[in-house]
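Chains as they are written, first to last, in my numbering: chain A, 6 to 367; chain B, 6 to 367.
Where is the CB? At the ideal position from N, CA and C, for every residue including glycine.
Computed from a predicted structure; not experimentally measured.
Read the structure below first, then the notes.
Protein chains: 2
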Amino acid sequence: MSRVWNFSAGPAALPEEVLLQAQEELLDWHGAGCGVMEMSHRGKEFTRIIEQTEADLRELMGIPASYKVLFLQGGATQQFAQIPLNLLAGRSADYIVTGAWSEKALKEAQRISPLVRCAANTKISNFTRLPLADEIKLDPFAAYLHVCTNETVHGIEIPAQRIADTGVPLVADMSSHILSRPVPVEKFGLIYAGAQKNIGPSGLTLVIVHQDLLGMAPLNIPTVMDYAVMAENGSMLNTPPTYGIYIAGLVFQWLKRQGGLEGIDTVNAEKARILYESIDQSGGFYHNPVAVDCRSRMNVPFTLAAPALDSVFLTESKAAGLMSLKGHKSVGGMRASIYNAVPLAGVQALVDFMNDFAQRKG
Amino acid sequence: MSRVWNFSAGPAALPEEVLLQAQEELLDWHGAGCGVMEMSHRGKEFTRIIEQTEADLRELMGIPASYKVLFLQGGATQQFAQIPLNLLAGRSADYIVTGAWSEKALKEAQRISPLVRCAANTKISNFTRLPLADEIKLDPFAAYLHVCTNETVHGIEIPAQRIADTGVPLVADMSSHILSRPVPVEKFGLIYAGAQKNIGPSGLTLVIVHQDLLGMAPLNIPTVMDYAVMAENGSMLNTPPTYGIYIAGLVFQWLKRQGGLEGIDTVNAEKARILYESIDQSGGFYHNPVAVDCRSRMNVPFTLAAPALDSVFLTESKAAGLMSLKGHKSVGGMRASIYNAVPLAGVQALVDFMNDFAQRKG
Numbered sequence: 006m007s008r009v010w011n012f013s014a015g016p017a018a019l020p021e022e023v024l025l026q027a028q029e030e031l032l033d034w035h036g037a038g039c040g041v042m043e044m045s046h047r048g049k050e051f052t053r054i055i056e057q058t059e060a061d062l063r064e065l066m067g068i069p070a071s072y073k074v075l076f077l078q079g080g081a082t083q084q085f086a087q088i089p090l091n092l093l094a095g096r097s098a099d100y101i102v103t104g105a106w107s108e109k110a111l112k113e114a115q116r117i118s119p120l121v122r123c124a125a126n127t128k129i130s131n132f133t134r135l136p137l138a139d140e141i142k143l144d145p146f147a148a149y150l151h152v153c154t155n156e157t158v159h160g161i162e163i164p165a166q167r168i169a170d171t172g173v174p175l176v177a178d179m180s181s182h183i184l185s186r187p188v189p190v191e192k193f194g195l196i197y198a199g200a201q202k203n204i205g206p207s208g209l210t211l212v213i214v215h216q217d218l219l220g221m222a223p224l225n226i227p228t229v230m231d232y233a234v235m236a237e238n239g240s241m242l243n244t245p246p247t248y249g250i251y252i253a254g255l256v257f258q259w260l261k262r263q264g265g266l267e268g269i270d271t272v273n274a275e276k277a278r279i280l281y282e283s284i285d286q287s288g289g290f291y292h293n294p295v296a297v298d299c300r301s302r303m304n305v306p307f308t309l310a311a312p313a314l315d316s317v318f319l320t321e322s323k324a325a326g327l328m329s330l331k332g333h334k335s336v337g338g339m340r341a342s343i344y345n346a347v348p349l350a351g352v353q354a355l356v357d358f359m360n361d362f363a364q365r366k367g
Numbered sequence: 006m007s008r009v010w011n012f013s014a015g016p017a018a019l020p021e022e023v024l025l026q027a028q029e030e031l032l033d034w035h036g037a038g039c040g041v042m043e044m045s046h047r048g049k050e051f052t053r054i055i056e057q058t059e060a061d062l063r064e065l066m067g068i069p070a071s072y073k074v075l076f077l078q079g080g081a082t083q084q085f086a087q088i089p090l091n092l093l094a095g096r097s098a099d100y101i102v103t104g105a106w107s108e109k110a111l112k113e114a115q116r117i118s119p120l121v122r123c124a125a126n127t128k129i130s131n132f133t134r135l136p137l138a139d140e141i142k143l144d145p146f147a148a149y150l151h152v153c154t155n156e157t158v159h160g161i162e163i164p165a166q167r168i169a170d171t172g173v174p175l176v177a178d179m180s181s182h183i184l185s186r187p188v189p190v191e192k193f194g195l196i197y198a199g200a201q202k203n204i205g206p207s208g209l210t211l212v213i214v215h216q217d218l219l220g221m222a223p224l225n226i227p228t229v230m231d232y233a234v235m236a237e238n239g240s241m242l243n244t245p246p247t248y249g250i251y252i253a254g255l256v257f258q259w260l261k262r263q264g265g266l267e268g269i270d271t272v273n274a275e276k277a278r279i280l281y282e283s284i285d286q287s288g289g290f291y292h293n294p295v296a297v298d299c300r301s302r303m304n305v306p307f308t309l310a311a312p313a314l315d316s317v318f319l320t321e322s323k324a325a326g327l328m329s330l331k332g333h334k335s336v337g338g339m340r341a342s343i344y345n346a347v348p349l350a351g352v353q354a355l356v357d358f359m360n361d362f363a364q365r366k367g
């Protein structure tokens, strides 16, 4: 077996410790006589798993008791519809568009209701900066304000200090940076994330929702999409994605061993620092277009000054054991996603390769 | 490691060969340098996996080219809403209720539209038989007719020869017996199944739909729920449950090694034969209430004449390495789910235990 450094944007690298434990338990979980994939979700073994998983997440993120934690399906894309279906209750909602994902969220919400508004859009900058205060036009009567706190494609992250109280519930897509740093959960009405970046395998969606936002859904939406029903049923109205929840639980335990979100925050800061430094000090060989104050610590897109070198870069980096560096087709170039499970050594290997490549080809 | 015979109704036993292969490939799939859980769903490795999985399913079930195969999320329960959302187009639909699951499907469809009708209901028999021909009142203008071809809770299976053309598209929930025997796919407009019985882990939902039923969904339903959009995008509008699809693919390859659906059909027939024989020849010690012509070959509920012995039966069977035999709470007693992955030897072990238990306690 030979594992490589995996910079995939998602599904993405998982901690090797987690995979080794999953491998050991695959056919027999803790003497149960079968693996987690084969267990009834109503049995005492899986009940223990999901309860511990939720407890560990609550501890890691400091989730107040007034919030429900839901383990759902359908990814962030399903949430793009599920959020307005649950929260609009005939009202409007505001969306701030800062990249490809918040743009998709807005489009899907407008499919659900024509009352949904765009409160700000930085497309004019090619999504390389956050909106200025005077570019944001908020509706004080909106059901909620939606933001994407980390844009996976464009590599933009909203710093915590920019999260202000606007008087309406704040809804945030945190798919690609959840659990990468401490988050003031109490400032949000609803936080959601597809699992396939920092949580676990695809097919699991995490929703953290304040109890005051439950119970507003109309009676004709699909029952599985009603947050209140799912909360009442402990995410088990129907069979949940049990194996994904189990892997998420192993990831949460691994995170606790890394010192929790404070511990991983320190590592992530250093990983991002050395990668951006390599880009910025390359004398223009590499370029990241994002304003320094909102550069993502998780998704680092960059281009080569000579696009003719793109394919050489990809071939040579792959040969060097650096996987999935091709940029998203909408922005081109390269992208290194350096989620929690990519260790500092992996980013250092990437930086070493990039510096050497620039020296040889520059 | 010591694995037991697992009679769970779902999530349920998986073939040991499949789990051993998954275990071996968990950290490195075919030299990719990472496991399947960690791969981009858009990469060439996962593309190969999903294409092979679909091809194997098409081969196993003999799915005509005029049908689309979709790998979705949300389970059968999400389909209970998704089907009327896609297919009603303002019309009514007929539902035949033969047990707990078709009853839930009807209730959810009526939440979506008040035009949805119950065309027959055998609750008066405590769901122990199929409706007689003159009990079924069909609407010739219905958008579709919905049936559940195997009722997991009540242990009722609709024999293939009872599937008649009624002039409207037939929609079938096959969650708990799909792939257990050959199926005349061309008689159905849409077949759906949660994966967690005969396909793979929970969190994956299979939909097989005739192309003529695509494109009728209104524009305001969630995009992830629109079959036509999912078909156009090869089930990858958003990130699919990649690991579940991979495991399903391993299960399909295992099924091909068992001689396909004809091969497993023979084994399943014998498994069901010896278990029902043990019940019927117990002199009333065990009892299965279902009419012989519609007894399920996958889910076998039975009661003990002396309910006081239930807990002793469960304790002793567990000690004998027979897991998850407790019946569904709504019907009580016991239930043995004997899906494809439970081999004849497992059912023989159960029968031996039951015969011995009856002799000792009867």
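In the structure shown, Pro-245 of chain A adopts coil according to DSSP, grouped into three states. Per DSSP, Tyr-100 of chain B is one residue of the beta strand (DSSP E) stretching across 99-102. C-alpha of Gln-286 of chain B to C-alpha of Gln-353 of chain B: approximately 15 angstroms in a straight line. Under a 10 Å Cβ-count criterion, Glu-156 of chain A is classified as buried, with 16 or more other Cβ atoms of the shown protein chains found around its own Cβ. Taking 8 angstroms as the cut-off, the Cβ atoms of Asp-99 of chain B and Arg-8 of chain A do not count as close.
Taking 8 angstroms as the Cβ-Cβ cut-off, the region 301-328 of chain A approaches chain B at Gly-326, Met-328, given in chain order. The beta carbon of His-159 of chain A does not come within 8 angstroms of any beta carbon belonging to chain B, so the residue lies off that interface. The beta-carbon of His-46 of chain B is placed less than 8 angstroms from the nearest beta-carbon of chain A.
None of the residues of the region 140-169 of chain A has a beta carbon lying less than 8 angstroms from any beta carbon of chain B. Chain-ordered, the chain A residues with CB closer than 8 angstroms to the CB of Val-9 of chain B read Gly-38, Cys-39. With a 10 Å radius around the Cβ and a threshold of 16 neighbouring Cβ atoms, Gln-166 of chain B comes out exposed.
Shortest Cα-Cα distance from Glu-321 of chain A to any of A:Asp-361, A:Glu-162, A:Phe-132, A:Val-295 involves A:Asp-361. Leu-224, Asn-225, Ile-226, Pro-227, Thr-228, Val-229, Met-230: these are the residues of the region 222-236 of chain B whose beta carbon lies less than 9 angstroms from some beta carbon of chain A, given in chain order. The beta-bridge partner set that DSSP reports for Cys-123 of chain B consists of B:Tyr-100. Residues of the region 241-262 of chain B with a C-beta atom less than 8 angstroms from some C-beta of chain A are Leu-242, Asn-243, Thr-244, Pro-245, Pro-246, Thr-247, Tyr-248, Gly-249, Ile-252, listed in chain order.
Between Gln-115 of chain B and Tyr-197 of chain B, the C-beta gap is not smaller than 8 angstroms, which leaves the two residues out of contact. Restricting attention to A:Lys-112, A:Phe-132, A:Pro-312, A:Phe-76, the CA atom closest to the CA of Gly-367 of chain A is found in A:Pro-312. Between the alpha carbons of Gln-78 of chain B and Gly-289 of chain B lies a distance of about 43 angstroms. Between the C-alpha atoms of Cys-39 of chain A and Ala-18 of chain B there is a straight-line separation of about 8 angstroms. By the Cβ-count criterion, Leu-349 of chain A is exposed, with fewer than 16 other Cβ atoms from all chains shown falling within 10 Å of its own Cβ. Residue pairing of Tyr-197 of chain A in beta bridges, as defined by DSSP: A:Asp-178, A:Val-212. Apart from sequence neighbours up to five positions away, the residues of its chain that approach Lys-128 of chain B with a beta-carbon distance below 8 angstroms are Val-102, Glu-108, ordered along the chain. In the pairwise beta carbon analysis, the region 192-208 of chain B is classified as not touching the region 35-55 of chain B: fewer than three pairs are separated by under 8 angstroms. Comparing alpha carbon positions, the residue from A:Leu-92, A:Glu-162, A:Phe-257, A:Ala-222 closest to Pro-174 of chain A is A:Leu-92. Under DSSP, Glu-156 of chain B shares a beta bridge with B:Ile-161. In this structure, the CA atom of His-333 of chain B is about 9 angstroms from the CA atom of His-159 of chain B. The beta carbon of Met-339 of chain B does not come within 8 angstroms of any beta carbon belonging to chain A, so the residue lies off that interface. Rounded to the nearest angstrom, the Cβ distance from Thr-154 of chain A to Met-179 of chain A is 5 angstroms, consistent with a contact under 8 angstroms. Per the coordinates, the alpha-carbon of Ala-124 of chain B lies some 15 angstroms from the alpha-carbon of Asp-170 of chain B. Residue state for Tyr-149 of chain B is assigned as coil, using DSSP reduced to three classes. By the Cβ neighbour-count rule, Ala-277 of chain A is buried, with 16 or more other Cβ atoms within 10 Å of its own.
Chain-order list of chain A residues neighbouring Ser-13 of chain B: Cys-39, Glu-43, Met-44, Ser-45, Gly-48, by C-beta distance under 9 angstroms.
Scanning its chain for C-beta atoms nearer than 6 angstroms, with the 5 sequence neighbours on each side dropped, one finds around Ile-163 of chain B the residues Thr-154, in chain order.
A straight-line Cα-Cα distance of about 28 angstroms links Ala-177 of chain B and Gly-239 of chain A. By the beta-carbon neighbour count (other beta carbons within 10 angstroms, threshold 16), Asp-217 of chain A is exposed. In this structure, Asn-273 of chain A lies away from Arg-300 of chain A, with their beta-carbon atoms at least 8 angstroms apart.
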